[in-house]
Amino acid sequence: MRAYLLTRQKKNLRKCDVPIPTMGDDQILAKVMVCGVCRTDLHIIDGELTKPKLPLILGHQVVGLVEKTGKAVKNIKKGDLVGVPWLAWTCKKCRFCRNSKENLCENALFTGYTKDGGFAQYISSWEDYTIKLPNREPFLLAPLLCGGLIGHRAYQTLRKSLLGAKIGIFGLGSSGHIITQIAVQEGYDVYVFVKRGDKNAVKLAEQVGAKWAGFSDRRPDFKLDGAIIFAPVGELVSRALEIVERGGVVVCAGIHMTDVPAFKYSILWGEKILTSVANLTRQDGQEFFAKISKLAISPKVNIYSLDQVNEALEDLKLGKITGSIVLDVSTSTGKAKK
Ligand SMILES: [Zn+2]
Ligand SMILES: [Zn+2]
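All you need for the working numbering is the position in the sequence shown, starting with 1, plus 101.
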């Protein structure tokens, strides 16, 4: 099958012809239709996330059609539309798994990081961790599998401690613009902060229902009840803490962030909560897709062909993209059309 391989960190992905993945009794084999590109893919390529499986097929927002199922597979059948997310497998034995925190499993495997992902024509996946998807346009489903799903975990973590309805979103990438839509539909006032000069992001924020959108280096004259930081920028931690009210909560949603500079204790004082979210659980997946079926969520999607994967990653890195990126795996050359 055609696949793009990371053979060494800090190198471009290489087009290769590799065998179709083998499949265990409790696994499925899916033909990949589309696969989302995520900032985490850049963190893996750039070496900010260490020790990936090498060589590696990246990609953890995989939408495909089931082609084969293992003998022990019960709930998924040939022809089903499925999603393969970041969490690929957990041990079910460690203290985290036993305490409903499989997202922190010490022995977990992650799709497109420590197990091969979806920048390829086929993928194998464990049944338990494969998500049956609603019958929607695959291009619109792919960004939901990480940007939506892990973004939603950050949003739920925020809501657990939230004392009011004013939410700040820092960074309007794939996650940010999906979670803004959900929060607005659930009755929150959303204030979006983007990188200085990114007028396209300000426009997108307004399109997806933000009450206010502006540049993150500007000091706003309002206070918020909580904030989620999606941008991988450590400086934003103090920026967010400064503008949340006492009792407010700040959630760091990224898997990697630049160092957080020292800040005055006074901006944390007042029982403010600073936390991060890591990965996802299977339950997150079920809850998220049950919720999505009742909401009108429409990611802004930039489509590239699989053969344009290096270009797509470069565009993401350079900040040329507004919204989400999805690779059309069925098309071999040229920019795929929506
Ligand atoms: Zn991701
Ligand atoms: Zn475990």
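The beta carbon of each residue, even a glycine, is placed where N, CA and C say it ideally should be.
(request) Output the distance between the C-alpha atoms of I329 and K418, rounded to the nearest integer angstrom. (result) Translated into the one-based positions of the sequence shown, residue 329 becomes position 228. Translated into the one-based positions of the sequence shown, residue 418 becomes position 317. It is roughly 21 Å from the alpha-carbon of I329 to the alpha-carbon of K418.
(message) Looking at ligand 2, does it come within less than 7 Å of F211, judged from the CB to the closest heavy atom?
(response) For this step, residue 211 is matched to residue 110 along the sequence shown. The nearest non-hydrogen atom of ligand 2 is 7 Å or more from the C-beta of F211.
(request) Ignore the nearest five residues each way along the sequence and tell me which others in L407's own chain have a CB closer than 6 Å to its CB. (result) Looking up residue 407 in the sequence shown gives position 306. Excluding the 5 residues flanking it on each side, L407 has same chain C-beta neighbours closer than 6 Å at L428 and V430, in chain order.
(request) Please determine, among N236, H161 and L396, the residue with the shortest C-alpha to C-alpha distance to E287. (result) For the purposes of this step, residue 287 is taken as the residue at position 186 of the sequence shown. For the residues N236, H161 and L396, the minimum Cα distance to E287 belongs to L396.
(request) Counting only the same chain and skipping the five closest in sequence on each side, list residues whose C-beta sits under 6 Å from that of I356. (result) Locating residue 356 in the sequence shown gives position 255, where the first residue counts as 1. Within the same chain, T141 come within 6 Å of I356 by CB-CB distance, once the 5 residues on both sides are set aside.
(message) For I121, which residues in the same chain have their Cβ closer than 7 Å to its Cβ, ignoring the five residues on either side in sequence?
(response) If you number the sequence shown from 1, residue 121 lands on position 20. Correct list, in chain order: M102 and Y223.
(message) Just to confirm, is the Cβ distance from P235 to V135 under 8 Å?
(response) Locating residue 235 in the sequence shown gives position 134, where the first residue counts as 1. Locating residue 135 in the sequence shown gives position 34, where the first residue counts as 1. A distance of 8 Å or more separates the beta carbons of P235 and V135.
(message) Are there any heavy atoms of ligand 1 lying less than 7 Å away from the beta-carbon of C483, as far as the coordinates show?
(response) The requested residue 483 is not part of the displayed model; the chain covers only 102 to 439.
(message) Could you check if T215 belongs to the surroundings of ligand 1, using beta carbon to heavy atom distance under 7 Å?
(response) The residue given as residue 215 occupies position 114 in the sequence shown. Checking the Cβ of T215 against ligand 1 gives no.
(message) If I measure Cβ to Cβ from L375 and keep anything under 6 Å in the same chain, skipping five residues before and after, which residues do I get?
(response) In the sequence shown, counting from the first residue as 1, residue 375 sits at position 274. Excluding the 5 residues flanking it on each side, L375 has same chain C-beta neighbours closer than 6 Å at V351, in chain order.
(request) Using the Cα positions of T231 and A104, report the straight-line distance between them to the nearest angstrom. (result) As a first step, residue 231 is located in the sequence shown; it is residue number 130 there, counting from the start. As a first step, residue 104 is located in the sequence shown; it is residue number 3 there, counting from the start. As the crow flies, the alpha-carbon of T231 is around 21 Å from that of A104.
(message) Can you tell me which residues fall inside 7 Å of ligand 2, judged by beta-carbon distance to its nearest heavy atom, and keep chain order?
(response) Environment of ligand 2, chain-ordered: T191, C192, K193, K194, C195, F197, C198, E203, C206, E207, N208 and A209, taking every residue with Cβ within less than 7 Å of a heavy atom.
(message) Does the beta-carbon of C117, which I'm using as the reference point, lie nearer than 7 Å to any heavy atom of ligand 1?
(response) By one-based count along the sequence shown, residue 117 stands at place 16. No, ligand 1 has no heavy atom inside 7 Å of this Cβ.
(request) Would you kindly report the start and end of the unbroken alpha helix (DSSP H) that includes L396? (result) The residue labelled residue 396 in the question sits at position 295 within the sequence shown. It is not in any alpha helix (DSSP H) - L396 carries neither H nor E in the DSSP assignment.
(request) Going by CA-CA distance only, name the one from S201, S226, K202 and F197 that's closest to G213. (result) The sequence position of residue 213 within the sequence shown is 112, counting from 1. The shortest Cα separation from G213 among S201, S226, K202 and F197 belongs to S226.
(request) Specify, as a first and last residue, the run of the beta strand (DSSP E) that K132 falls within. (result) Counting from one through the sequence shown, the residue named residue 132 turns up at place 31. Where K132 is concerned, the enclosing beta strand (DSSP E) stretches over Q128 to V138.
(message) Under DSSP, the alpha helix (DSSP H) around E307 begins and ends at which residues?
(response) Counting from one through the sequence shown, the residue named residue 307 turns up at place 206. In the DSSP assignment, E307 falls within the unbroken alpha helix (DSSP H) covering K300 to Q308.
(message) I'd like the span of the alpha helix (DSSP H) that includes V183, first residue to last.
(response) Here residue 183 is taken as the residue at index 82 of the sequence shown, counted from 1. Looking at the DSSP string, V183 is not in any alpha helix (DSSP H); the run it does join, the beta strand (DSSP E), is L182 to V185.
(message) For D127 and G171, which I take to be in contact (beta-carbon distance under 8 Å), what is that distance rounded to the nearest angstrom?
(response) Position 26 of the sequence shown, counted from the first residue, corresponds to residue 127. Position 70 of the sequence shown, counted from the first residue, corresponds to residue 171. Between G171 and D127 the Cβ distance is about 6 Å, and since that is below 8 Å, they are a contact.
(request) Report all residues for which the CB-ligand distance to some heavy atom of ligand 1 is below 5 Å; order them along the chain. (result) So the residues near ligand 1 by this Cβ test are C139, T141 and C247.
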